[in-house]
Structures are given as C-alpha cells and as structure tokens.
Amino acid sequence: MEGFNHSRVSEFVLLGLTDSPQLQIFLFVMFSVFYLMTMLGNCLILLTVLSTPHLHSPMYYLLSNLSLIDMCLSSFATPKMIMDFFAQHKTISFEGCISQIFFLHLFTGTEIVLLISMSFDRYIAICKPLHYSSIMSQRVCVGLVATSWTVGFLHTMSQLAFTLYLPFCGPNVVDSFFCDLPLVIQLACIDIYVLGIFMISTSGVIALVSFLLLLTSYITVLVTIKDHSSTGSSKAFSTCTAHFIVVLMFFGPCIFIYVWPFTDFLVDKVLSVFYTIFTPFLNPLVYTLRNQEVKTAVKKKLSNQYLNLGKTTPIYSVQ
Numbered sequence: 042m043e044g045f046n047h048s049r050v051s052e053f054v055l056l057g058l059t060d061s062p063q064l065q066i067f068l069f070v071m072f073s074v075f076y077l078m079t080m081l082g083n084c085l086i087l088l089t090v091l092s093t094p095h096l097h098s099p100m101y102y103l104l105s106n107l108s109l110i111d112m113c114l115s116s117f118a119t120p121k122m123i124m125d126f127f128a129q130h131k132t133i134s135f136e137g138c139i140s141q142i143f144f145l146h147l148f149t150g151t152e153i154v155l156l157i158s159m160s161f162d163r164y165i166a167i168c169k170p171l172h173y174s175s176i177m178s179q180r181v182c183v184g185l186v187a188t189s190w191t192v193g194f195l196h197t198m199s200q201l202a203f204t205l206y207l208p209f210c211g212p213n214v215v216d217s218f219f220c221d222l223p224l225v226i227q228l229a230c231i232d233i234y235v236l237g238i239f240m241i242s243t244s245g246v247i248a249l250v251s252f253l254l255l256l257t258s259y260i261t262v263l264v265t266i267k268d269h270s271s272t273g274s275s276k277a278f279s280t281c282t283a284h285f286i287v288v289l290m291f292f293g294p295c296i297f298i299y300v301w302p303f304t305d306f307l308v309d310k311v312l313s314v315f316y317t318i319f320t321p322f323l324n325p326l327v328y329t330l331r332n333q334e335v336k337t338a339v340k341k342k343l344s345n346q347y348l349n350l351g352k353t354t355p356i357y358s359v360q
C-alpha cells in the first residue's frame, strides 16, 4: 500500500456528457439557464421565508432549508461542468475529485433526511392536527434540520474513509461530468469489487428505504384526507402527485446507480443529471411556488422592490 501511495495520480480526466461540439453548445446553454434559474428561484424562496413573519412556521422553515440544500447540491459540480463544455482537457485534481464525492454525499444524504422530515411534518399536520403545535415545536424543527446535516455528514465520511486510503496509481479517466464513488473506486490499483459493492450498495439501500418511507407517508396522508372531503382529496392528490414525481426523480437515479454499482450503463450519466440539476430546479416550483401563501409573499416582495426602485432619487437631476 505504501508503494502505491508514492505514485498516486494527481488528477482525473472527466469525459463529460458528450464529445459532440454541436451538442456541447446546446447543453451549455440549457444547463446554464437551468443553473441560473435554480439559484435565483431557491434564493428568492429563502429570502422570502426569512423576511416574511407569517411564514415563520415549521413547514416553511423546512422548505427554506430544502432551498438551501438545493442551491448547494446544484453548485458542487454544475458550474465546472458548464465551464468544461469549452475546455480542451476536462481535468480535476485528486483533491477536487475527493471534494466532489464529499459534497455529493453530504448534500444528498442531508436532503434525503430533510424530505423525510417534511413528510413527517405534513403527516402530523393532516393526521394529527390537534397535536401539531405541540409536536412540531421550534425545538423539534431545529432538531430535524440538525439531524439531517448530521446524518449527511456521517454518511459522506463513511464513504470517504473507505475511498481515501485506496491506491490510485494508473487509470485516471472518469466517464462522467463529476467524480462519483462507483466510478472513482473502479480506478483503484487493487481489487475492491466485493468490498466496493458492499460500501456503495449501502447508499442505494438507504435511498430505497427512505423512498419507501416517503411513499408510505404520501399514501397515509391521501387516505386520511379522502375520508374527510372529496374537494380536499382532489387538491391533496394533485399536490402529492407533483411531490411524488420530484421525489421519484431524486430517489430513482440514486437507487438505480447505487444499488447496482459497477455497471457500464451509459444511462448512469443521464440519471446523474436528474438528482444534481433537474431536482434542485423543480423543488422550488413544486414544493413552494405552488403554495398560495408563498406566491402571495413573493409577489408582494417583488412589487415592493419595484416600488422602491421607482422611488429612488436619481444621482443627476436637471436644474
């Protein structure tokens, strides 16, 4: 092992999504727009919730934290991918590659636990409304968010503890637009097939179990509302369907990639786009901007900003 460490590779080569020049230009424009809208949308939601007193409730507290995580998840690899579309040599340092693995599992692990916390909040609000204020206290909300980040950190450290001590002495080509654990550990100079499958599949099992918990929560909420009113049931069904589609777009690729690691499916690269780019873009649209209270608060905030700009005194005035 010590001999391997002396010849450790200093950088990795990222193959990206495609080598077609025409397609690269199209993807550059598309992902640049998606990234810009993701950052603006989530930032607007975060600022709106923080600056609007009547939105300081458990649901919106969790939603604002989701927006924060989505901005982080969208930023760990997307900006570099966008810049690499016009780079002759798409490389990343060894330290940069390890950092991408760290942040990927930190943010995805945190988001998984936060999504479960949000489903728990909705379950209590709909199924136990009389006990909602006592159960979902400020202390509990802070504890749920802190637990989300703690679980995400412990999860990513468990993955890195396995990866950092692997010897990388030869192959350095990663067939993706960012460093992901299943792709990187295949480049190690020792046979880690059995241990690698066990470590990586752990992430897939966590994602699968979390997805089943969320699915159970949605079904329970729908059954509860259906027993109360048909109108409420229709609205809840529409909302839960939209939520479920976004959850499926986030968990589906994670389950597929990590439950069956070390496959040569080209579709893995496409699936990675869903939970790193599309889901952070869709979350504010589906979870927050469909909410009437948030839409009203956003419109009021934007109109106030417009009025304030209109009242700004010009620097130069005509005498």
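Residues in the sequence shown are numbered consecutively from 42, following our numbering.
Glycine is no exception: its CB is placed at the ideal position from the N, C-alpha and C atoms.
Helix, strand or coil at F53 according to DSSP, with G and I counted as helix: strand
Rounded straight-line distance, which links the Cα of F297 to that of Q65: 26 Å
Cross-strand partners of S134 (DSSP beta bridge): DSSP output for S134 lists E52 as bridge partner(s).
Candidates S242, L103, P170, F135: closest to P212 by CA position: F135
Distance, G82 Cα to Y425 Cα: No statement about residue 425 is possible, as the shown extent of the chain runs from 42 to 360 and does not include it.
Alpha helix (DSSP H) segment containing L81, residue limits: 62-92
Contact belief for A338 with L96 at Cβ below 8 Å, rounded distance in angstroms: 6 Å
Residues of its chain near M290, where Cβ-Cβ distance is below 8 Å and the 5 sequence neighbours each way are ignored: Only F315, Y316, F319, T320, L323 meet the Cβ criterion.
Contact set for L58: own chain, Cβ-Cβ below 7 Å, skip 5 residues either direction: L68, F218, K310
Continuous alpha helix (DSSP H) stretch holding D125: start and end: 119-125
Whole-angstrom C-beta distance between C295 and T149, which should lie under 8 Å: 7 Å
Limits of the alpha helix (DSSP H) - the one that L224 falls within: 222-225
D232, buried or exposed, once every other Cβ within 10 Å from all chains shown has been counted against 16: Flag for D232 reads exposed.
Three or more C-beta pairs below 8 Å linking the segment 138-155 and the segment 165-174: no
D221 Cβ short of 8 Å to the ligand GTP heavy atom set: As far as ligands go, the structure on display features none, and thus does not contain the ligand GTP.
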